[in-house]
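My numbering applies: residue 24 is where the sequence shown begins, and numbers increase by one.
Heads up: the structure comes next, in structure tokens.
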Amino acid sequence: MPKPSALQAIRFEPPGTLTVLDQLLLPYDETLVPVTGIDDGHRVIKAMQVRGAPAIAIVAILSLVVDIHARPERWATASELLVYITEATHYLETSRPTAVNLFEATKRLRDTLASTIHVHPNLSVSELCQRVLEFGEAMLARDLSDNQRIGALGATWIQEQAPHRAPECKPEVPNASVQPRSPSTPATWRILTHCNTGALATAGWGTALGIARSLFQQVGEQLHVYCTETRPYMQGSRLTAYELVHDKIPATLITDSMAAALLASRTTNAIVVGADRVAANGDTANKIGTYQLAVVAHHHNVPFMVAAPWTSIDLTTPSGADIPIEERPSDEMVTAKGRVVPHTSSLHTELPADARVRLAAPGIATWNPAFDITPAHLISAIVTERGVITKSDSQATFDLAGSHARLFGV
Ligand SMILES: CSC[C@@H](O)[C@@H](O)C(=O)COP(=O)(O)O
24 MPKPSALQAI RFEPPGTLTV LDQLLLPYDE TLVPVTGIDD GHRVIKAMQV
74 RGAPAIAIVA ILSLVVDIHA RPERWATASE LLVYITEATH YLETSRPTAV
124 NLFEATKRLR DTLASTIHVH PNLSVSELCQ RVLEFGEAML ARDLSDNQRI
174 GALGATWIQE QAPHRAPECK PEVPNASVQP RSPSTPATWR ILTHCNTGAL
224 ATAGWGTALG IARSLFQQVG EQLHVYCTET RPYMQGSRLT AYELVHDKIP
274 ATLITDSMAA ALLASRTTNA IVVGADRVAA NGDTANKIGT YQLAVVAHHH
324 NVPFMVAAPW TSIDLTTPSG ADIPIEERPS DEMVTAKGRV VPHTSSLHTE
374 LPADARVRLA APGIATWNPA FDITPAHLIS AIVTERGVIT KSDSQATFDL
424 AGSHARLFGV
């Protein structure tokens with residue numbers, strides 16, 4: 024089990040104690056929220072107190088673990104418990120629709136338990152509860168090891184494949200979080216990332232941000248990470264910046280609208296993002312704003328990398344057109360309600376509270392998709408824990424079913 028750290032989104036003490044870091048309050052407040060069962064699990068996922076494709080799946084399953092261990096006397100047989108688990112996992116699936124990790128984990132759990140009971144018809148309720156606990160603990164351990172593998176593979180790929188930066192590049196934007204780099208010393212390696220894909224979105228280390236961590240381990244201060252704010256939830260300014268400052272990785276925050284100007288003014292080795300669902304042809308659903316970064320990367324001939332464990336790859340979904348895109352409530356876009364206020368003015372304190380969290384004119388209509396689809400032809404590489412998957416420039420899509428067969432030896 025990974026040792027507790029300030030960045031640990033999920034804290035589980037087997038078999039029945041689960042808390043999550045309330046990410047609506049970061050970076051200003053580190054509050055742990057207890058998750059005592061599937062209702063709490065559904066609520067913290069839907070409200071985005073915990074978020075990130077892998078973390079959503081892990082918290083859903085662990086909320087079921089604590090739920091069934093609370094009062095196992097509710098069931099007389101393992102088969103009765105399996106009925107409850109089946110209903111509970113389908114309920115947890117209604118929390119958020121896009122990240123496939125949740126559906127992969129719930130289906131795999133149901134199939135595993137049904138097979139177990141078929142082979143061991145006399146399994147007791149407590150023995151089945153134990154199997155669910157082991158399943159959840161294995162998810163935590165596997166996600167962390169997957170991320171560290173993705174980080175190492177991605178960092179190596181960038182150093183081997185991404186264009187080395189010209190020395191005459193402009194220096195980095197001054198960086199307050201570590202010893203300010205002398206203006207005349209530009210970084211050797213520069214990457215841009217979007218949303219939050221670090222320890223706060225996973226069991227630890229992270230996927231795209233895991234690549235940044237691994238690259239920092241290898242090249243140190245010669246790395247400079249640029250992260251976008253990622254409106255409207257602000258995963259970048261509130262969470263990724265928090266992780267980068269915590270790890271003392273040289274970094275600069277930019278607004279979402281600055282990405283094209285950054286690539287136009289500073290040679291960037293790669294744009295590295297995560298994924299909520301990668302379709303069989305490589306089309307990728309990720310945080311809203313990812314698609315436009317891929318277009319900008321293509322225009323500037325910058326490698327565009329998707330970092331995703333195989334639990335985020337959905338071979339049953341043929342293309343991006345088939346991926347459900349979550350729409351979030353309007354007030355999450357036009358107010359800071361429910362999360363820390365990104366721009367609380369110290370002036371005008373006489374205004375009513377609502378006016379101080381309102382970010383748009385009352386009455387304006389909104390469109391608030393939480394994700395968008397990046398077509399496979401804009402993606403240079405998909406970094407998985409089993410290997411980096413690429414395609415020739417003449418290929419518009421990936422053959423991920425073929426990659427899976429090759430990498431898993433099936
Ligand atoms: C390793 S996290 C990968 C993705 O889940 C991440 O990039 C993302 O889009 C998160 O969206 P969120 O809405 O914060 O759950």
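All residues carry an ideal CB built from backbone N, CA and C; glycine is no exception.
Practice task
Give me the Cβ distance between residue 121 and residue 308, rounded to the nearest whole Å; I'm assuming they're in contact under 8 Å.
Solution key: By 1-based counting over the sequence shown, the position of residue 121 is 98. By 1-based counting over the sequence shown, the position of residue 308 is 285. At roughly 6 Å, the Cβ-Cβ gap stays under 8 Å, so residue 121 and residue 308 are in contact.
Practice task
Tell me residue 410's beta-bridge partners as DSSP assigns them.
Solution key: Here residue 410 corresponds to residue number 387 of the sequence shown, with the count starting at 1. Paired residues: 407.
Handout entry: Straight-line gap, residue 118 to residue 68 (C-alpha atoms, nearest Å)
Key = As a position in the sequence shown, residue 118 is number 95, starting the count at 1. As a position in the sequence shown, residue 68 is number 45, starting the count at 1. Looking at the two C-alpha atoms, the distance is approximately 6 Å.
Exercise for the section: Give a single yes or no on whether residue 391 has its beta carbon closer than 8 Å to a heavy atom of ligand 1. Expected result: Along the sequence shown, read from residue 1 onward, the residue named residue 391 stands at position 368. No - ligand 1 has no heavy atom lying nearer than 8 Å to the Cβ of residue 391.
Exercise for the section: Specify the secondary structure class of residue 51 as computed by DSSP and reduced to three states. Expected result: One-based indexing of the sequence shown puts residue 51 at position 28. Here residue 51 sits in coil by DSSP.
Problem - Sequence-distant residues of the same chain with beta carbon closer than 6 Å to residue 426, five excluded per side - result: Taking the first residue of the sequence shown as 1, we reach residue 426 at position 403. 412, listed in sequence order.
Problem - Residue burial classification, residue 265 (beta-carbon count within 10 angstroms, cutoff 16) - result: For the purposes of this step, residue 265 is taken as residue 242 along the sequence shown, with counting starting at 1. Buried, by the Cβ-count rule.
Handout entry: Reference residue 428; option with closest CA among 415, 410 and 113
Key = Translated into the one-based positions of the sequence shown, residue 428 becomes position 405. When only C-alpha atoms are compared, the closest one is 410.
Exercise for the section: Along the alpha helix (DSSP H) that carries residue 126, what are the first and last residues, could you check? Expected result: Taking the sequence shown and counting its residues from 1, the one referred to as residue 126 is at position 103. Start and end: 123 to 142.
Practice task
Taking only heavy atoms of ligand 1 into account, decide whether any of them is closer than 8 Å to the Cβ of residue 79.
Solution key: On the sequence shown, residue 79 is found 56 positions in, with the first residue counted as 1. Yes.
Exercise for the section: Determine the extent of the alpha helix (DSSP H) in which residue 271 is found, giving its start and end residues. Expected result: Reading the sequence shown from its first residue, position 248 is the one you call residue 271. Premise fails: residue 271 is in no alpha helix (DSSP H) and is neither H nor E.
Exercise for the section: Compute the distance between the beta-carbons of residue 282 and residue 315, then report whether it is under 9 Å. Expected result: Walking along the sequence shown from the start, residue 282 turns up at place 259. Walking along the sequence shown from the start, residue 315 turns up at place 292. Cβ atoms of residue 282 and residue 315: closer than 9 Å.
Exercise for the section: Within the region 258 to 298, note down every full beta strand (DSSP E) run reaching 3 residues or more, in order along the chain. Expected result: 274 to 277 and 293 to 296
Handout entry: Close Cβ partners of residue 396 (< 8 Å) along its chain, the five nearest in sequence each way excluded
Key = Counting from one through the sequence shown, the residue named residue 396 turns up at place 373. Answer for residue 396: 306, 307, 308, 314, 343, 344, 346 and 348, listed in chain order.
Problem - Chain-order list of residues whose beta-carbon lies under 8 Å from that of residue 386 (same chain, five-residue window excluded) - result: What you label residue 386 is simply residue 363 of the sequence shown in a count that begins at 1. Hits under 8 Å: none found.
Handout entry: For residue 155, the three-state DSSP class (helix, strand or coil)
Key = Counted from its first residue, the sequence shown places residue 155 at position 132. Three-state DSSP puts residue 155 in a helix.
Problem - Span of the alpha helix (DSSP H), counted from its first residue to its last, around residue 256 - result: Translated into the one-based positions of the sequence shown, residue 256 becomes position 233. Taken as a continuous stretch (DSSP letters only), residue 256 belongs to no alpha helix (DSSP H), as it is neither H nor E.
Problem - Backbone CA spacing between residue 130 and residue 287 [nearest angstrom] - result: Taking the sequence shown and counting its residues from 1, the one referred to as residue 130 is at position 107. Taking the sequence shown and counting its residues from 1, the one referred to as residue 287 is at position 264. So the alpha carbons of these two residues sit roughly 45 Å apart.
Problem - CB of residue 284 within 9 Å of CB of residue 337, strictly - result: The residue labelled residue 284 in the question sits at position 261 within the sequence shown. The residue labelled residue 337 in the question sits at position 314 within the sequence shown. No. Outside cutoff.
Problem - ligand 1 heavy atom lying under 8 Å from the CB of residue 397 - result: Here residue 397 is taken as the residue at index 374 of the sequence shown, counted from 1. Outside the cutoff, so no.
Practice task
Following the continuous beta strand (DSSP E) through residue 328, name the residue where it begins and the one where it ends.
Solution key: For the purposes of this step, residue 328 is taken as the residue at position 305 of the sequence shown. From DSSP, the beta strand (DSSP E) with residue 328 extends over 327 to 330.
Handout entry: Whole-Å CB distance - residue 32 paired with residue 223, under 8 Å assumed
Key = Numbered from 1 along the sequence shown, position 9 holds the residue referred to as residue 32. Numbered from 1 along the sequence shown, position 200 holds the residue referred to as residue 223. Indeed, because the Cβ distance is near 5 Å, the residues count as touching under 8 Å.
Handout entry: Cβ-based burial, residue 105 [other Cβ within 10 Å; buried from 16]
Key = Walking along the sequence shown from the start, residue 105 turns up at place 82. With 16 or more Cβ atoms within 10 Å of its Cβ, residue 105 is classed as buried.
Problem - Check: residue 296 C-beta below 8 Å from any heavy atom of ligand 1 - result: Within the sequence shown, numbered from 1, the residue matching residue 296 stands at position 273. Yes - ligand 1 has a heavy atom lying nearer than 8 Å to the Cβ of residue 296.
Practice task
Taking residue 383 as the reference, give the member of 298, 243, 355 and 66 with the closest Cα.
Solution key: In the sequence shown, the residue the question calls residue 383 occupies position 360. When each option's Cα is compared against that of residue 383, the closest is 355.
Problem - Identity of the residue in 73, 182, 103 and 310 nearest residue 146 by Cα - result: Counted from its first residue, the sequence shown places residue 146 at position 123. Of the candidates 73, 182, 103 and 310, the one whose C-alpha sits nearest the C-alpha of residue 146 is 103.
Problem - beta strand (DSSP E) segment containing residue 345, residue limits - result: Taking the first residue of the sequence shown as 1, we reach residue 345 at position 322. Premise fails: residue 345 is in no beta strand (DSSP E) and is neither H nor E.
Practice task
Give a single yes or no on whether residue 335 has its beta carbon closer than 8 Å to a heavy atom of ligand 1.
Solution key: What you label residue 335 is simply residue 312 of the sequence shown in a count that begins at 1. Because some heavy atom of ligand 1 lies under 8 Å away, the Cβ of residue 335 counts as near it: yes.
Exercise for the section: Could you check how far apart the C-beta atoms of residue 312 and residue 220 are, in whole angstroms? I think they sit under 8 Å. Expected result: As a first step, residue 312 must be located in the sequence shown, where it is residue number 289. As a first step, residue 220 must be located in the sequence shown, where it is residue number 197. Not a contact, Cβ separation roughly 13 Å.
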